[in-house]
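Only one structure is covered here, and it is reproduced in the block below.
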Amino acid sequence: MEKLGDILLAKGFLDHRALSIAMIQQEVTRDTLGATLIKLGFVTPAELAQGLAEQWGLEYIAFNPYVITDEALKVIPQELVEKLGFIPLDIENGVLSIGVDQPYNVLAIDTVTKITGFAPKVYVVDTDSFLNALERAYFFLQNPVGDRMAAIIREIKTTGTAEGNAGSALTDLVIMDGIRKNATDIHVRPTQDVLHIFYRVDGVLQYGHCIPVAAFSSIVSRIKILSSLDISEQRLPQDGSFRFTVRNRHYDIRVSTVPTVYGENVVMRLLSGSGGSLMRIDKLGFDAANAARITALFQKPSGIVLITGPTGSGKTTTLYAALREIDLIERNVITVEDPVEYKLSLIRHTRVNEKAGYGFAIAGRNFMRQDPDVMLLGEIRDEETAKIAIRASITGHLVLATLHTNDAVTAIPRLLDLQVDRFLMSSSLLAVMAQRLIRKICVYCKKEYALSRHEIDAFKAIDITLSSAFKGIGCPKCNGTGYSGRTAIGEILIVDDDIREMI
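Residue 370 in the working numbering sits at position 346 of the sequence shown, with consecutive numbering throughout.
Below you can see the structure in the form of structure tokens.
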């Protein structure tokens, strides 16, 4: 059997120097090679799983957009699944598909064969996704949110009031349903007669629930108490945050309330406290030419690279994917973020604390004494931070930062608005990237269809000849939307001599 290290080298996930360092640390910690590589940030859990799958001749799958079916979960009890270390994925014609993070899990395969009478179809999944999916799948199987909400709503309709802990229970269920749907935001909208719940999934609002207006005050009060907001204040907007826990997984939730004619409108933003999965530039959705340009930018010894786009457009994910193109052994990388979304052992992370007076500007100023080669500023949001970023970039440091603008070129007037010196900006700004996230067609319900004459002409205008395309018709696995997951699209503005002169 081929060695795992050789496979990862061949796939380009690793180089010989990183492998050597990992093996040195492995001698000290006695961890497995795979666990050591992940801790050091040399490979991601997904990349390690792909290497293991190839080593054992199995197929690798990612849980997104894969949907675990309730029918498969009901075949094997949760206690047995957790004990043996696998997760049921799907069942078809009596054959159970299972995911394992350890391909040599023979006991799991034998047990499934005995229970179902058929040898299972085995897939390799990454450890992080495996643990998260296992907890979520069985939790929501055993705690059906829709059924519990329906029962509480029936009780409120019968009594006319949200008595006891009905409001608290409804609030928790609304948040849990948002987590189950992978929502980024939850909207609580009061009207004269009812309370509407909307979820933002894949960047688009989806209708969630209709709750009797009698439960409105208790739901808002519950959210305010969790967020340490003033319950009695209903005339002014308020902002707060709290932490919500589901099956030992923590979610940071930011809360915003705004008074309306029918009561306070509440929006909750869901932030996973454990971060997401690190990716590489060429896996984010950029075409090969742009991916190569981005990679070349992050090899520069100094200057500033900005990534722009609205909130939730994947800017931080792109920044960290680019950091993986930087030699973390030879270059000292320091980040300041709010919050820290990814954690790598060879990168120094710090989180701003506005209440304590520790903001982006103070962190950026003090970073200069930490002998950095690369500085990542989570966001340029004020004049002082912008000037510190520019100054750092012209003193031999590579500075990476995000900025809120609509497109790449607008970043230049935005920096001028922040009182950045024109000459310093022209000499330090390397490039500006702007990106958006767009929805992908659901792989489970996509169907081919004939393009209309208008669509054919639109494609011809960009020199593409097509007569048919695909679209999602809607299914239970995509909540009837026809879309599942998102990918990035972007533009890159390279600052050349002409643009420098214009600045």
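Think of the CB as a built atom: it goes at the ideal place given N, C-alpha and C, for glycine as much as any other residue.
- Among the bridge pairs identified by DSSP, S326 is matched with none.
- Only residues of its own chain outside the window of five on either side were considered, and among them G498 have a CB closer than 8 angstroms to the CB of G504, listed in chain order.
- Put simply, of A512, T53, D263 and V99 the residue whose alpha carbon is nearest the alpha carbon of F310 is A512.
- For a cut-off of 8 angstroms, the C-beta gap from P334 to Y286 is around 28 angstroms, too long to register as a contact.
- Note: P283 is bridge-paired with E288 in the DSSP secondary-structure output.
- Following the DSSP letters along the chain, one finds R463 inside the beta strand (DSSP E) bounded by residues L453 to I465.
- Going by DSSP, E472 is part of the beta strand (DSSP E) stretching over K470 to A474.
- A Cβ-Cβ distance of about 5 angstroms is found for the pair V329 and L454, placing them in contact under the 8 angstroms criterion.
- In this structure, S452 places its C-beta atom within 7 angstroms of the C-beta atom of G327.
- Secondary structure of Y128 (DSSP, three-state): coil.
- For E515, the uninterrupted beta strand (DSSP E) segment begins and ends at Y507 to I518.
- Of the other Cβ atoms in all chains shown, 16 or more fall within 10 Å of the Cβ of E71; this residue is therefore buried.
- Secondary structure within the stretch 47-106: not one fully enclosed beta strand (DSSP E) run of 3 or more consecutive residues is present.
- Non-local C-beta neighbours of K464 in its own chain, meaning closer than 7 angstroms and more than five positions away in sequence, comprise Y507, S508, G509, R510 and T511, ordered along the chain.
- Membership of P437 in the alpha helix (DSSP H) is indicated by the continuous run A435 to D441.
- Following the DSSP letters along the chain, one finds V398 inside the beta strand (DSSP E) bounded by residues V398 to L401.
- When Q258, I358 and I255 are compared, the shortest CA-CA separation from R393 is found for I358.
- Counting of Cβ neighbours within 10 angstroms places D39 among the exposed residues, the total staying below 16.
- A Cβ-Cβ separation of about 11 angstroms leaves T341 out of contact with T426 under the 8 angstroms criterion.
- In this structure, R246 sits away from S265, with a CB-CB distance that is not shorter than 7 angstroms.
- Around the beta-carbon of V124, 16 or more other beta-carbon atoms lie within 10 Å, marking it buried.
- Contact between the stretch 226-243 and the stretch 189-209 is established, with three or more Cβ pairs separated by less than 8 angstroms.
- Here the alpha carbons of Q262 and A410 stand approximately 28 angstroms from one another.
- By the C-beta density criterion, T137 is exposed, having fewer than 16 other C-beta atoms within 10 angstroms.
- Rounded to the nearest angstrom, the gap between the Cα atoms of V148 and V99 is 20 angstroms.
- In the displayed model, A190 falls within a helix according to three-state DSSP.
- Check the Cα spacing between N117 and each of A86, P144 and G81: the tightest is with P144.
- Annotated three-state conformation of Q262 is strand, per DSSP.
- Checking the DSSP bridge columns, you'll see E408 has no partner listed.
- Nearest to P69 by alpha-carbon distance, out of T151, A346, D254 and A320, is T151.
- D521 sits in a helix when the DSSP states are folded into three classes.
- According to the DSSP assignment, K145 belongs to the beta strand (DSSP E) that extends over K145 to V148.
- I350 is the residue among L490, I350, A312 and M303 whose C-alpha sits nearest the C-alpha of L321.
- DSSP places Q166 in the uninterrupted alpha helix (DSSP H) bounded by T151 to Q166.
- Under the three-state reduction of DSSP output, D209 falls in the strand class.
- Of V291, I92 and V282, the smallest CA-CA separation from Y468 is found for I92.
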